[in-house]
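> Below are the structure tokens for one structure; questions will follow.
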Amino acid sequence: MKLELHPRAHQTLADQLFAAGVEFPCGGESACGGCKVRVLEGDVPVTGTMRDALGEKEIRDGWRLACCASAAERVVVEVEQWSLRVLSDDASVPIEPRAGLGAAIDLGTTTLVVQVVDLATGEVERVETALNPQARYGADVMSRLQYDLRQPGELGRIIRGALGRMLGSQPLREVLVAGNTAMHHLFCGLDVTPLTRAPFASPTLGSYRFESSDLGWPGPAEFLPCLGGFVGSDLLCGIVATRLDEAEQTRPCALFDIGTNGEVIVGSAQGIVCASTAAGPAFEGGRIGAGMRAGTGAIDSVHVRRGGLECHVIGGGAARGICGSGLVDAAACGLELGLIRANGRLTNADKRLTLADGVVLTQGDIRELQLAKGAMAAGLRMLAGGGVEKLCLAGAFGNYIRQASARAIGLLPASLPVEPVGNSALRGARTLLLAPSTRGARLRKIAALSRHIELANDPDFQYIFAEMMALAGSNFTDMKWV
Ligand code: FES
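Position one of the sequence shown corresponds to residue 1297 (the working numbering), numbered consecutively onward.
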């Protein structure tokens, strides 16, 4: 896609490119090169960061970094950008009718979803989705938290403003917001310092209420409480949506949210344990040479056909990169064809797995996948090792991942029933919105049932993590559900 951009009084070229959809993975902090765009016409000066991230030839060919781009005159830029798949939710939930409109918000690190709901009928009147504009300052929570340390409050103002615009002007009786611990702190204007250093224990994890005048929103709002550490109200809402806290069966259920910061929750009406595990960004395409998010041009699935690899590309055009679900598939197919060993080693001489023209996985990419997969699987094994009834997969990645591939590489147990539950954060927030008289009691009950575990403090974690890095479906075979 070509974009023609003109200098504007209060918007840099970088701001205009971000508004057009270009992602800034590191916010310009570490010269990651993930925001490359090509200048076709006009002049975008080369900065020191660009020299750090780009080769001489790339610069000669017109490549620049969008995050530090500026221009004094008109420029035409080629941006191979994409529209992200944003997961909403329309499952029917119990309702306690009352007059007026309300809203449930899933404030994700990458995407935002706002649902405006008729409180009398439970009908979803309107859904708004958008990229989280904080991504202008870094793709992952750690770079956002670091930015907030340097510019306190700015990311909070940005997100409150963006969500306010998505809510519109129609009066709302109340708004419930769910998000991870970093989003909670940034939105609520809390000190993020405890989240940036061990033991990552913040004293301000509770719910926060705001009057509509505090936010400039069309109604009062509450940011729902976190469960502990990096387990936020998105997972609390996941518990509500999957009714984990009400499950009376003999064995507990597990809720698994696979992402940059993966979370595992195991529980029933008898008790709930939760933990987060820093999986790294591989499942979102980060730190993978050809990695990208699941949007147009991404290889999102790979199959073995006639002894070779066949890739599906979102949007149907040429492949530009590979997203997390494609990466898991590619590793599973590589194992099946003997191109990758269980220890992650690529078997061919050049140590590369070619998927499409210009889309290649290297040994380093497979190692990143192993790190991410190992952290997630170790968390699951440590919390769910006593046996669980079923595994609910939350979030976009859980929704799009091919289960057979995830089982083949040992990210999911081979024989455990797995149920994708979609955007459980949004569904849980809407469920709580529609149950005003029981909401407080249910939140208190979940808080009383829940125990947060710091996996990194467990002496077994490193050992199990190393073991679970193997790309093997046998990772979980000694566990009770198998
Ligand atoms: S260099 Fe990382 S976002 Fe631009």
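Even for Gly, the Cβ is constructed at its ideal location relative to N, Cα and C.
It should be emphasised that the depicted structure is a prediction, and the values quoted were computed from it without experimental measurement.
Is Arg1663 close to chain E? Criterion is C-beta to C-beta, closer than 8 Å.
Note that chain E does not occur in the displayed structure, where there is just one protein chain.
> Which class does Val1655 belong to by DSSP, given the choice of helix, strand or coil?
Reduced to three states, the DSSP call for Val1655 is strand.
> If you scan the segment 1727 to 1760 from start to end, which runs of the alpha helix (DSSP H) of 4 or more residues do you find wholly inside it?
Fully enclosed alpha helix (DSSP H) runs of 4 or longer: 1732 to 1745.
> With DSSP as the reference, please indicate the residues paired to Val1410 in a beta bridge.
Paired residues: Ile1401, Glu1424.
> Suppose you measure from the CA of Ala1416 to the CA of Glu1392; what does that come to, to the nearest Å?
So the alpha carbons of these two residues sit roughly 8 Å apart.
> Among all the DSSP beta bridges, which residues are the ones paired with Arg1446?
For Arg1446, which the question treats as bridged, DSSP gives no partner whatsoever.
> What residue from Leu1468, Val1488, Gly1464, Val1409 has the CA that sits closest to Ser1439's CA?
Out of Leu1468, Val1488, Gly1464, Val1409, Val1488 has the C-alpha closest to the C-alpha of Ser1439.
> Quick one: is the Cβ of Thr1492 within less than 7 Å of any heavy atom of the ligand FES?
Result no, Cβ not under 7 Å from the ligand FES.
> Taking Ile1455 and Phe1483 to be in contact with their CB atoms under 8 Å, please state how far apart those CB atoms are, rounded to whole angstroms.
Contact flag correct, Cβ pair sits at about 6 Å.
> Quick check: Ser1572 and Gly1563, are their CB atoms within less than 8 Å of each other?
In this structure, Gly1563 does not lie closer than 8 Å to Ser1572 by Cβ.
> So, helix, strand or coil for Phe1579, using DSSP?
In this structure, Phe1579 counts as helix in the three-state DSSP scheme.
> For Leu1301, count neighbouring Cβ atoms within 10 angstroms of its own Cβ and tell me buried if that reaches 16, exposed if not.
Result: buried.
> When you compare the segment 1644 to 1656 with the segment 1574 to 1583, are there three or more beta-carbon pairs, one atom per stretch, that lie closer than 8 Å?
At 8 Å Cβ cutoff, the stretches do not touch.
> Less than 8 Å between the CB atoms is what I'm expecting for Gly1525 and Glu1763, so what's the real figure, rounded?
No, Gly1525 and Glu1763 are not in contact; Cβ-Cβ is about 23 Å, not under 8 Å.
> Which residues neighbour the ligand FES when neighbourhood means a C-beta less than 6 Å away from any of its non-hydrogen atoms? List them by chain order.
Cβ atoms closer than 6 Å to the ligand FES belong to Phe1320, Pro1321, Cys1322, Gly1323, Gly1324, Ala1327, Cys1328, Gly1329, Gly1330, Cys1331, Ala1349, Leu1361, Cys1363.
> Count the other C-beta atoms from every protein chain shown that fall within 10 angstroms of the C-beta of Gln1377, then say buried if there are 16 or more, exposed otherwise.
With a pLDDT of 47 at Gln1377, under the threshold of 50, the modelled position of that residue is not reliable, and no figure is offered here.
> Take Ala1305 and list the residues in its own chain whose beta-carbon comes closer than 8 Å to its own, dropping the five residues that flank it on each side.
Answer for Ala1305: no residue qualifies.
> Helix, strand or coil for Gln1377? Go by DSSP, reduced to three states.
Low per-residue confidence applies at Gln1377: pLDDT is 47, beneath 50, and the placement is therefore not dependable, though the value from the model is reported in the following sentence. Of the three classes helix, strand and coil, the one that applies to Gln1377 here is coil, per DSSP.
> To which residues of the same chain is Ala1766 closer than 6 Å at the C-beta, ignoring the five residues directly before and after it?
Excluding residues within five positions, the ones whose Cβ falls inside 6 Å are Ala1638.
> By the DSSP assignment, the beta strand (DSSP E) with Val1562 in it spans what residues?
First-last of the beta strand (DSSP E) with Val1562: 1557 to 1564.
> Enumerated in chain order, which unbroken segments of the beta strand (DSSP E) with a length of 3 residues or greater are wholly contained in the segment 1467 to 1510?
Correct list: 1470 to 1475, 1504 to 1506.
> For the alpha helix (DSSP H) holding Val1624, just list the boundary residues, first then last.
Segment 1620 to 1632, the alpha helix (DSSP H) holding Val1624.
> Using three-state DSSP, classify Ala1549 as helix, strand or coil.
The question names Ala, but residue 1549 in the sequence shown is Cys. Three-state DSSP puts Cys1549 in a strand.
> Quick check on the burial criterion: 16 or more other C-beta atoms within 10 angstroms. Buried or exposed for Tyr1759?
Tyr1759 is exposed by the Cβ-count criterion.
> Check the DSSP bridge columns for Trp1513 and list the partner residues they point to.
None; Trp1513 has no bridge partner.
> Give me the DSSP bridge partner(s) of Ile1568.
Ile1568 pairs with Gly1563, Ser1746.
> Less than 6 Å between C-beta atoms, sequence neighbours within five positions excluded: which residues of the same chain meet that for Leu1486?
Here the set comprises Thr1500.
> For Thr1650, count neighbouring C-beta atoms within 10 Å of its own C-beta (all shown protein chains included) and say buried if the count is 16 or more, exposed if not.
Exposed.
> In its own chain, which residues sit with a C-beta less than 6 Å from the C-beta of Pro1709, not counting the 5 before and 5 after it?
If we look at Pro1709 and ignore the five residues flanking it on each side, its Cβ neighbours are Phe1772.
> Which of helix, strand or coil does DSSP assign to Lys1353?
Helix.
> Nearest CA to the CA of Ser1621: which residue from His1599, Arg1723, Ser1746?
Of His1599, Arg1723, Ser1746, the residue nearest in Cα terms is His1599.
> Where does Val1684 land, buried or exposed, given buried means 16+ other C-beta within 10 angstroms?
Per the 10 Å Cβ criterion, buried.
> Arg1547 to Asp1541, Cα distance in whole Å?
Computed Cα separation, rounded: 13 Å.
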